Structure formats: structure tokens, C-alpha cells
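The sequence shown runs 231 to 362 under my numbering.
Following: one structure in C-alpha cells, then a few remarks.
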Amino acid sequence: MNTNFTENRDVKNFLNRIERRSDRRLGHSLQVVLPGHKAMTRDVSPSGAYLEVITECRKHFSVGKMVQLEITASIDKNWFSSKTIKLTGSGEVVRVDEIENLGIVGTSKKVGVALHFIGKLKIINDNYLYDM
Numbered sequence: 231m232n233t234n235f236t237e238n239r240d241v242k243n244f245l246n247r248i249e250r251r252s253d254r255r256l257g258h259s260l261q262v263v264l265p266g267h268k269a270m271t272r273d274v275s276p277s278g279a280y281l282e283v284i285t286e287c288r289k290h291f292s293v294g295k296m297v298q299l300e301i302t303a304s305i306d307k308n309w310f311s312s313k314t315i316k317l318t319g320s321g322e323v324v325r326v327d328e329i330e331n332l333g334i335v336g337t338s339k340k341v342g343v344a345l346h347f348i349g350k351l352k353i354i355n356d357n358y359l360y361d362m
């Protein structure tokens with residue numbers, strides 16, 4: 231009977247490690263504008279992003295909630311002049327992780343927010359708007 235428990239635990243651990251993402255994620259830290267919050271991406275893909283957000287109210291990021299966001303990225307390649315582009319759109323919160331308390335109880339916390347983008351993000355570059 232103990233063997234069966236061990237086998238079940240091993241299967242569960244194996245299934246937890248299976249990659250279920252449909253898109254490759256890039257581990258880049260990019261500035262994100264959310265209404266009333268400071269945030270940075272920890273990683274981003276065409277279908278979603280994981281954000282680290284400083285907030286006083288975790289309820290703003292409950293699972294299923296829709297949020298508007300703007301991601302700012304700087305492109306700096308040797309053969310291009312430095313450019314800043316912005317990606318705007320909305321996403322649905324699919325997971326929230328508490329990362330750390332940043333002070334006294336009831337004040338700001340850093341939370342991890344996993345977002346699934348709804349529709350395509352729009353690209354704003356030099357005052358031009360593009361659909362992705």
C-alpha cells in the first residue's frame with residue numbers, strides 16, 4: 231500500500247512538471263502600466279505574461295478579473311537606433327501568487343499575477359498604432 235502512495239505521488243509530481251504552455255516565454259523584465267499599480271513583467275509570451283505587481287489591495291487582481299495594461303519595451307540593436315514601443319491591450323487574471331509583504335500588515339504587497347491576453351495586443355510605435 232505504501233508503494234501505491236509513492237507511485238501516485240511520483241505521477242502527480244511528473245504531471246506538475248509537464249509544460250502546458252502553448253507559446254514560448256521570454257524572461258524579460260519590462261515596465262507595465264496598470265491603473266494605479268507599479269508592475270514589471272517577469273516573463274512574457276504572445277498569449278500572456280507573468281507580472282510582479284505592487285498593490286495595496288489584492289482584490290484588484292482576483293482570478294477571472296479583466297485588467298487593462300500597457301507594456302513598454304526598448305529596442306536597442308547595433309544596426310537600429312534605440313526605439314521604445316508600447317504594447318496595449320487587456321488580459322484575464324488566471325493566477326495570483328503572494329510574493330512578499332512590503333511593510334506593516336494592511337499595506338503594500340508584491341504579488342505575482344499570471345495574465346492570459348484577450349485578443350491581440352496593439353503596438354504603438356512613434357505615435358503609429360499597429361494591430362498584432
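Ideal placement from N, C-alpha and C gives every residue a C-beta, glycine not left out.
Note that the structure is a prediction, hence the values are computed from the model and not measured.
{"Asked": "Sequence-distant residues of its chain with Cβ nearer than 7 angstroms to Met231 (five each side left out)", "Found": "In this prediction, Met231 has a pLDDT of 45, which is less than 50 and means its spatial position is unreliable; what the coordinates show is noted afterwards. Excluding positions up to five away in sequence, the list is empty."}
{"Asked": "Beta-carbon proximity of Leu351 to Leu317, cut-off 7 angstroms", "Found": "yes"}
{"Asked": "Residue from Ile348, Ser259, Glu330 and Ile353 whose Cα sits closest to the Cα of Lys295", "Found": "Ile348"}
{"Asked": "Backbone secondary structure at Lys289 - three-state DSSP", "Found": "helix"}
{"Asked": "Three-state class that DSSP yields for Thr337 in the structure shown", "Found": "coil"}
{"Asked": "For Leu299, three-class secondary structure by DSSP", "Found": "strand"}
{"Asked": "Leu317: first and last residue of the uninterrupted beta strand (DSSP E) it sits in", "Found": "Lys313 to Asn331"}
{"Asked": "Nearest-angstrom Cβ-Cβ length linking Gly278 and Gly321, presumed shorter than 8 angstroms", "Found": "7 angstroms"}
{"Asked": "Supposed close pair Ile315, Ile329 - CB separation, criterion 8 angstroms", "Found": "Between Ile329 and Ile315 the Cβ distance is about 27 angstroms, and since that is not below 8 angstroms, they are no contact."}
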